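Beneath this line is the structure, given in structure tokens, with notes to follow.
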Amino acid sequence: MSYIIKQMFEDRVNIFFERLDDTKKEITADSLHDLRVATRRLNAVLSLVSSLSDEKIKVKDLKRLMRLTSDLRDSHVQLQLLNKIREREDDDFIKICEEVINREIGRKEVIVFQEIRDFPIPTIKSKLKDVNVPKDNKDAVLNILTELFEDFYSYKDDAIKGDEFFLHKMRIALKRLRYTAEIIEPLFPFINKDIIDKMQQLQQLMGDIHDIDVLKNFIEQINVPSELNKYRDKYVDKLLSRRESLFNSFCGDVGDIIEFGKLFSVKLFEKEIFNERFYKLVDNLENKNRIIESLRYAECVHIAHPLRTSLIISDELGIKENDLIIAALLHDTLEQKGTIATIDEIMDKFGKRVADLVWSLTREKTEDRENYIEKIQMIGNDAIILKLSDRLDSTRYIDSKGNGDRKKYWKITIEDFLPLGKMLDKDVFYFFYNEYKKLWDGSSDDIKDGLSFPAIELFCT
10 MSYIIKQMFE DRVNIFFERL DDTKKEITAD SLHDLRVATR RLNAVLSLVS SLSDEKIKVK
70 DLKRLMRLTS DLRDSHVQLQ LLNKIRERED DDFIKICEEV INREIGRKEV IVFQEIRDFP
130 IPTIKSKLKD VNVPKDNKDA VLNILTELFE DFYSYKDDAI KGDEFFLHKM RIALKRLRYT
190 AEIIEPLFPF INKDIIDKMQ QLQQLMGDIH DIDVLKNFIE QINVPSELNK YRDKYVDKLL
250 SRRESLFNSF CGDVGDIIEF GKLFSVKLFE KEIFNERFYK LVDNLENKNR IIESLRYAEC
310 VHIAHPLRTS LIISDELGIK ENDLIIAALL HDTLEQKGTI ATIDEIMDKF GKRVADLVWS
370 LTREKTEDRE NYIEKIQMIG NDAIILKLSD RLDSTRYIDS KGNGDRKKYW KITIEDFLPL
430 GKMLDKDVFY FFYNEYKKLW DGSSDDIKDG LSFPAIELFC T
């Protein structure tokens, strides 16, 4: 058993007190931001430890510190935003806004400085020292991550309508998800720097929208001389225009995080995956224990994609061959960071045929596409069926990629992978051709520009 969470707990405790000392020396927008981030990260690891140990660990002083610094941080950001939207230096409306905000900053700084000065460091250190961090439990941790993701996802429908309240709630949920993902990244190969960076970018984007909402509400409510009221509407319109641009980016970027959730959130996608089709498949196969064993590996990679790939083979193609279905469940296990399994382990547990199929779909970092395709062809038709099923499932869920990435994805699919199907039985190839064609027909014109989907006659020579 590893102690990754214990190490992260100790690191975050130390960083929190370092940031607290920095802020004691000087309260600035940057020092407040760093302190707030350190506090959130400490709260995240405390919450994780609480859930794993079934022991309520609450530090009320941290919650109070977050609330007070949040109010002060909002005021600092309001000043920064006012400077961005002001049209001239002698703008009387902006000047009045700045005067009111600066008075608020002065008042809040006194409260925050006193809170930081009086923060019960010895008491908190003693309480944190007594925290018993359990050994890493991957199953329990994955359940916690799933709950955090589903909390984030629960606000999606209202947030993408632009609702200010639900956008804020979704942003807070994303922070919890991100800070927890940072802790447990070494435990799971599907959590990596790329997805954590995307969470941070989306969090920043949603934070910028929140800041605009806060300033807009302030401008709408501030008392100014009647002759300045005309400027109120002008600046509100400027903020709304800026918000619209940010919101459009949010609607595009949120898909990346939802795709991330598909890797492990069984509850969210149980209607697609864990349904009667898959359980019926398992029950009807001989030696179903081998399927169950391969599922355990699939869960460590990203549960949704390998399951859907296996269902394309077993349900849509009607192929009930154990080795091929097991290989579908295992096909990503050799590619993942730290590797979920080794080729020898797969061979020992599932046999040479499964190992060969999984190996054929595993592209080495130094392996060019031509050699990769030759490897698939060398293993034979089952490897081609597996690759086309793998690619088909990924293509069905391609919407979260940017247009440039989608165009490149389609180009490779059309030119490199679809032609592999010529080696298959006619009915099997027609299935893949028609499924890819339906997805191609539904693609946007900018994706299709410069590309063409081949006529089926080209494959019948």
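Residue numbers for the sequence shown follow this note's numbering, so the first one is 10 and each next one is one higher.
In this text, a Cβ means the ideal position worked out from N, Cα and C, and glycines have one as well.
All of these numbers come straight from a predicted model, not from anything done at the bench.
Legend entry - Check whether L186 and I218 have beta carbons under 7 Å apart: no
Inset, instruction - Could you pull out every unbroken beta strand (DSSP E) segment of at least 3 residues lying fully inside the stretch 239-274, listed in chain order? - result: none
Inset, instruction - Hey, could you find the ends of the alpha helix (DSSP H) V148 is sitting in? - result: With the sequence shown as reference, residue 148 is identified as Asp, and Val is not the correct amino acid for it. Element bounds for D148: K147 to S163.
Inset, instruction - Write down every uninterrupted run of the alpha helix (DSSP H) in the stretch 330-375 whose length is 4 residues or greater and which is fully enclosed by it, in chain order. - result: 331-339, 352-359 and 361-370
Inset, instruction - Would you give the residue range spanned by the alpha helix (DSSP H) that I144 belongs to? - result: According to the sequence provided, residue 144 is Lys. The question's Ile does not apply to it. No alpha helix (DSSP H) contains K144, which DSSP labels as neither H nor E.
Legend entry - Touch test, the stretch 218-229 against the stretch 89-103, Cβ-Cβ under 8 Å, three pairs minimum: yes
Inset, instruction - Could you tell me if T48 is buried or exposed, where buried requires 16 or more neighbouring beta carbons within 10 angstroms of its beta carbon? - result: buried
Legend entry - Minimum C-alpha distance to K178 - residue among K374, Y162 and D262: Y162
Legend entry - With 16 other Cβ atoms within 10 Å as the buried cut-off, status of C260: exposed
Legend entry - Assigned exposure category for K346 - 16 Cβ within 10 Å defines buried: Summary for K346: the model assigns pLDDT 45, below 50, so the residue's position carries little reliability; its value from the coordinates is reported in the next sentence. K346 comes out exposed.
Legend entry - Stretch-stretch touch, CB-based, cutoff 8 Å, three pairs: the stretch 75-88 with the stretch 234-252: no
Inset, instruction - Pull up the distance between the alpha-carbon of T371 and that of I192, whole angstroms please. - result: 28 Å
Inset, instruction - Measure the C-alpha to C-alpha separation of M75 and I94 and round it to an integer number of angstroms. - result: 28 Å
Inset, instruction - For the alpha helix (DSSP H) containing I456, list its first residue and its last residue. - result: D454 to K457
Inset, instruction - Can you say whether G327 is buried or exposed, counting buried as having 16 or more other CB atoms within 10 angstroms of its CB? - result: exposed
Legend entry - Check whether L248 and F102 have beta carbons under 7 Å apart: no
Legend entry - Within 7 Å, strictly: CB atoms of I66 and S59: yes
Inset, instruction - Would you mind listing the alpha helix (DSSP H) stretches within the stretch 393-467 that are 4+ residues and don't spill past its ends, in chain order? - result: 412-421, 435-450 and 454-457
Inset, instruction - Check the C-beta distance from K384 over to S369 and give it rounded, since I have them as a contact under 8 Å. - result: 5 Å
Legend entry - Residues of its chain near L44, where Cβ-Cβ distance is below 7 Å and the 5 sequence neighbours each way are ignored: R28, L29, T32 and T78
Inset, instruction - Kindly list the residues whose CB is nearer than 8 Å to the CB of T402, restricted to its own chain and excluding five residues on each side of it in sequence; keep chain order. - result: The residue asked about is misnamed: residue 402 is Asp in this sequence, not Thr. Hits under 8 Å: H314, R317, T318 and I321.
Legend entry - Counted within 10 angstroms of its Cβ, other Cβ atoms place M387 as buried (16 or more) or exposed: exposed
Legend entry - Cβ-based neighbour list, R50, same chain, cut-off 6 Å, excluding 5 preceding and 5 following: R21 and Y188
Inset, instruction - Using three-state DSSP, classify S59 as helix, strand or coil. - result: helix
Legend entry - Within 7 Å, strictly: CB atoms of F269 and V142: no
Inset, instruction - With a cut-off of 8 Å on the beta carbons, I'd call G430 and Y442 a contact; round off their distance for me. - result: 7 Å
Legend entry - Pick from D148, I228 and L395 that is closest to V437, judged by C-alpha positions: L395
Inset, instruction - Express the C-alpha separation of Y164 and S453 in angstroms, rounding to a whole number. - result: 28 Å
Inset, instruction - Could you check if S398 is buried or exposed, using at least 16 other CB atoms within 10 Å of its CB as the buried criterion? - result: buried
Inset, instruction - State yes or no: is the C-beta of L339 within less than 7 Å of the C-beta of V367? - result: yes
Legend entry - Close-in-space but distant-in-sequence residues of the same chain around F25 (CB under 6 Å, 5 per side omitted): A47 and L51
Legend entry - From I105, P463, F174 and S56, residue whose alpha carbon lies closest to that of E156: S56
Inset, instruction - To the nearest angstrom, report how far apart F122 and K225 are at their CA atoms. - result: 28 Å
Inset, instruction - Count the other C-beta atoms from every protein chain shown that fall within 10 angstroms of the C-beta of M331, then say buried if there are 16 or more, exposed otherwise. - result: The question names Met, but residue 331 is Asn in the sequence shown. With 16 or more Cβ atoms within 10 Å of its Cβ, N331 is classed as buried.
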